[in-house]
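J.: Next up is a structure, given as structure tokens.
In this note's numbering, the protein residues as written are 5 to 321.
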């Protein structure tokens, strides 16, 4: 699979997390995965959702039949290595935007669900950061924008600590820049369906708060403040309690950057030491795919490579 992945246009690879669990990354599976495998993947996600949510199901994103969400989603699915049983996943949505006059994408951190029986197994480092790190490496270490919509203090803190230039944030020096506002406006105008927010919900552009957010398919995710998982640093818990109306069902929209500084923090602070070799191996593999191989192909002008035609045809040997 690793050799095949060298030439494939989308990520499709596995990373061993521990002796008991393995993560598999599927980038935009709707564009390349056979229909039967797509159905099996969706069924695995539903299985985790049924065990994780009081209501059992969600009605947006990858769970909404016929939405085409798998064409625009990057999925990290964690399974038990011995049984293949799915136990956790993260579904990141790829949002098309226009930024400073150019067509770009924002990687929305999306839905994270963990089987209650496996919580506390240390999956957070993989579900919240590994996918974005591998996308960053595959993108030849070019920075890209991320977004997150949540009311969970633990997630707010993970975004603030895991990415750069995050707004809103209780951290000193966090300010709303033009980039934050421009991207937030486009996300709220064009991509509400990606995080299950209805069109009539109000967005406060000053505080980046989505008021009464749980009316667009994400109703089962609404929590009271005392039930929402807290961050180890009280500053994020206090920020959420002061900023969001939990009785009404508010969410906060955070915008940040995945860049070299964020990648360095993730590798040094978040990745467990026993998983670091596998993580670095996957990152090195993608760097070879996206940086080294193109350089080798460029230095071979006599052979075709994708859309590039050879400068002068040479006979195959």
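Every residue gets a Cβ at the ideal spot worked out from N, C-alpha and C, and that includes glycine.
#1: Counting pairs of beta carbons, one from the region 39-53 and one from the region 62-73, are three or more of them closer than 8 Å?
#2: Restricting to Cα atoms, I'd like to know which of 162, 271, 149, 135 is closest to residue 233.
#3: Within 10 angstroms of the Cβ of residue 142, are there 16 or more other Cβ atoms? Answer buried if so, exposed if not.
#4: So residue 39 is in the alpha helix (DSSP H); what residue range does that whole segment cover?
#5: Using the beta-carbon count (16 or more within 10 Å), is residue 156 buried or exposed?
#6: Taking the alpha helix (DSSP H) that residue 143 falls in, what are its first and last residues?
#7: Do you know how far the Cα of residue 42 is from the Cα of residue 169?
#8: Grab me the residues of residue 13's own chain with a C-beta within less than 8 Å of its C-beta, minus the 5 sequence neighbours each way, in chain order.
#9: Does DSSP classify residue 208 as helix, strand or coil?
#10: From residue 118 to residue 158, what distance separates their C-alpha atoms?
#11: The alpha helix (DSSP H) that contains residue 158, what's its start and end?
#12: Along the chain, where does the beta strand (DSSP E) that runs through residue 121 open and close?
#13: Looking at residue 111 and residue 96, is the spacing between their C-beta atoms short of 7 Å?
#14: Starting from residue 94, follow the beta strand (DSSP E) in both directions and report where the run begins and ends.
T.: In short:
#1: Three or more Cβ pairs drawn from the region 39-53 and the region 62-73 lie within less than 8 Å of each other, which places the two stretches in contact.
#2: One-based indexing of the chain shown puts residue 233 at position 229. The residue with the shortest Cα to Cα distance from residue 233 is 162.
#3: One-based indexing of the chain shown puts residue 142 at position 138. Answer is buried; the Cβ neighbour count reaches 16.
#4: Numbered from its first residue, the chain shown carries residue 39 at position 35. According to the DSSP assignment, residue 39 belongs to the alpha helix (DSSP H) that extends over 39-56.
#5: As a first step, residue 156 must be located in the chain shown, where it is residue number 152. By the neighbour-count criterion, in which a residue is buried when 16 or more other Cβ atoms sit within 10 angstroms of its Cβ, residue 156 is buried.
#6: Along the chain shown, read from residue 1 onward, the residue named residue 143 stands at position 139. Where residue 143 is concerned, there is no enclosing alpha helix (DSSP H), given that its DSSP letter is neither H nor E.
#7: Here residue 169 refers to the residue found at position 165 of the chain shown. Here residue 42 refers to the residue found at position 38 of the chain shown. Those two C-alpha atoms are separated by around 35 Å.
#8: As a first step, residue 13 is located in the chain shown; it is residue number 9 there, counting from the start. Closer than 8 Å at Cβ, skipping near neighbours: 36.
#9: Numbered from 1 along the chain shown, position 204 holds the residue referred to as residue 208. Looking at residue 208 - three-state DSSP - the assignment turns out to be strand.
#10: Locating residue 118 in the chain shown gives position 114, counting from the first residue. Locating residue 158 in the chain shown gives position 154, counting from the first residue. Their backbone Cα atoms lie some 14 Å apart in a straight line.
#11: Along the chain shown, one-based indexing puts residue 158 at 154. Segment 157-166, the alpha helix (DSSP H) holding residue 158.
#12: In the chain shown, counting from the first residue as 1, residue 121 sits at position 117. That residue, residue 121, is in no beta strand (DSSP E); it is neither H nor E in DSSP.
#13: Mapped onto the chain shown, residue 96 falls at position 92. Mapped onto the chain shown, residue 111 falls at position 107. It is a contact, given that the beta carbons lie within the stated cut-off.
#14: By 1-based counting over the chain shown, the position of residue 94 is 90. Taken as a continuous stretch (DSSP letters only), the beta strand (DSSP E) holding residue 94 covers 90-103.
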